[in-house]
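To start, the structure under review is shown below, and the notes come after it.
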Amino acid sequence: MSGAGRGRGGADSRCSACGQPLLVQWVGDTAALKARVPLPPDTARLPYPQALADSTPDNLVWCLPRLPHRALCLRWTSPRHPPDCPHQHLTSHQCPPTTLF
Ligand SMILES: [Zn+2]
Ligand SMILES: [Zn+2]
């Protein structure tokens, strides 16, 4: 059934390098940026200040509201994003360093 299920948001995929489940979406209407973030458990608490501490100028923070009956939809955050925003906050996926056992 290829071609079905095409639509905005909710596209799950995996990192081709490390296989971790990712949420990959185009975010933004005018200047869309492809966001690739690790898919968090829906109960995880991911406050904005914590994600901000992990972010870099090249690694933005995405806000992920969990709305009932709605596909996951990442949102861009601005520097004025409220620190007490109740949604989940994520930075882009980075492959974990390869460990040799
Ligand atoms: Zn937020
Ligand atoms: Zn990866």
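One gets the working numbering by counting positions in the sequence shown from 1 and adding 5 to each.
C-beta atoms are modelled at their ideal positions from N, C-alpha and C, and glycine is treated no differently.
For LEU95, the enclosing beta strand (DSSP E) starts and ends at 93-96. Rounded to whole angstroms, the separation of the alpha carbons of PRO91 and ALA76 is 18 Å. If you draw a straight line from the Cα of CYS100 to the Cα of LEU28, it is about 14 Å long. ALA22 has its CB nearer than 6 Å to a heavy atom of ligand 2.
For a cut-off of 8 Å, the C-beta gap from PRO45 to GLN93 is around 6 Å, short enough to register as a contact. Nearest C-alpha to ALA36 among ARG80, PRO84, PRO52: ARG80.
Not a single heavy atom of ligand 1 lies less than 6 Å from the C-beta of CYS78. For PRO54, the uninterrupted alpha helix (DSSP H) segment begins and ends at 53-59. Straight through space, the alpha carbons of THR96 and TRP31 are spaced by roughly 14 Å. Distance between THR104 and ALA22, taken at the CA atoms: about 14 Å.
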